[in-house]
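All residue numbers in the sequence shown are consecutive under my numbering, ending with 840.
Quick reminder that beta carbons are idealized off the backbone N, C-alpha and C, glycines included.
For clarity, every value in this text was computed on a predicted model and none was experimentally measured.
Below is one structure, written out as structure tokens, with a few remarks after it.
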Amino acid sequence: MYDFDKTLCTTDMQAYTFIPNLGMSADEFWTKASNLAENKKMDRILAYMYLMLDEAHIHRKPIRRDDFVALGKDLELYDGVAGWFGRINQFGKEQGVTIKHYIISSGLREIIEGSSIYKEFDDVFAGEFLYDENGVACWPKNVVNYTTKTQFLFRINKGVLDISNDDDLNRFTPEENRPVPFRNMIYIGDGLTDVPCMKLVKVNGGCSIAVYQQGKRNKVADLIRDQRVNFIEPADYSEDSKLDVIVKDIIVKMASVEKLQAHTKAQLATIKK
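Next up, the structure:
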């Protein structure tokens, strides 16, 4: 599982094209969104999504879904991201396991859909707009903040990926019937907004990794010091990078544990007979 902004791409996805097209700087936009959230006691993600629509209306630039999707082509990915997924998939295959990739992001699904790596993901959970009869964005349809992110870990864990299906999500599911055990999860994020997911994965036997831009290690140092993550690594996804090596080591470990548990299960089955 991955966050997106500052985890796979170098900054907030809105900052590449959308905000400049409004004649604003990223700092101006995010300060305005933060003030709106504080003054109106709003969820910060809902505040920025509302502000996107409001500013587009003020500037007479109605936003349609295709407009958001088109913004995805301008995203700047970290080194190695483009080739990362195929390489990790192949490594997993060599270890006898299937790798799945999921996005859990407070950004916008539409922009992610327009990115060059969208096809690599098994599913994307992110903010999304509702569109009116003219195809213009009019309302936040889905919102993913730092605590609701954890919901999607359970959806992946239980295989309940339809976000409108709450019944199956909340129904008791025995551990052995869950398609993606927490112990087999790797969560990669960049900061405090990922902490609930990072901690949840870590305490349930999976691994969490905080990535950082070169020279900004201090921004994630507290996460490993406070035992919220297992590792902190530079956001370099190139082959043989520190991140590449540690993720492959984790996959080897997880594959070995699964083999040993399968062996134990087989022995128990014989004894019961």
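Taking DSSP as the reference, what is the three-state secondary structure of residue 795? coil
For residue 710, which of helix, strand or coil comes out of DSSP? coil
Buried/exposed call for residue 749, threshold 16 Cβ in 10 Å: buried
Please name the residue or residues paired with residue 818 in a DSSP beta bridge. In the DSSP output, where bridge partners are listed per residue, residue 818 has none listed.
Presumed contact (8 Å Cβ cut-off) between residue 744 and residue 773, rounded CB distance: The pair is not a contact, with the Cβ atoms about 18 Å apart (cut-off 8 Å).
Could you say which of 719, 810 and 741 lies nearest to residue 757 if we only look at CA atoms? 810
Could you check how far apart the C-beta atoms of residue 726 and residue 711 are, in whole angstroms? I think they sit under 8 Å. In fact, because the Cβ distance is near 19 Å, the residues do not count as touching under 8 Å.
So what does residue 747 bridge to, in DSSP terms? Answer is none; residue 747 lacks a bridge partner.
Could you tell me which of 803, 807 and 779 sits nearest to residue 646, measuring between CA atoms? 803
Terminal residues of the continuous alpha helix (DSSP H) containing residue 601? 593–607
Report the option in 790, 734, 699 and 775 whose CA atom is closest to the CA atom of residue 569. For residue 569, the closest alpha carbon among the candidates 790, 734, 699 and 775 is that of 775.
Which full runs of the alpha helix (DSSP H) of 4+ residues lie inside the stretch 752–792, going along the chain? 762–770 and 785–792
So is residue 814 buried or exposed if we call it buried at 16+ other beta carbons inside 10 Å? It is buried - the Cβ of residue 814 has at least 16 other Cβ atoms within 10 Å.
Could you check the C-alpha separation between residue 794 and residue 769 for me, to the nearest Å? 9 Å
Taking 8 Å as the cut-off, decide whether the C-beta atoms of residue 618 and residue 640 are in contact. No, Cβ-Cβ distance for residue 618 and residue 640 is not below 8 Å.
Proximity below 8 Å, CB of residue 632 to CB of residue 700: For the 8 Å CB-CB criterion, residue 632 and residue 700 do not form a contact.
Is the beta carbon of residue 833 sitting closer than 8 Å to the one on residue 663? Going by C-beta atoms, residue 833 is not nearer than 8 Å to residue 663.
Which residue comes first and which comes last in the alpha helix (DSSP H) that contains residue 688? Counting along the chain, residue 688 falls outside any alpha helix (DSSP H), and DSSP gives it neither H nor E.
When burial is assigned at 16 or more other CB atoms within 10 Å of the CB, is residue 572 buried or exposed? buried
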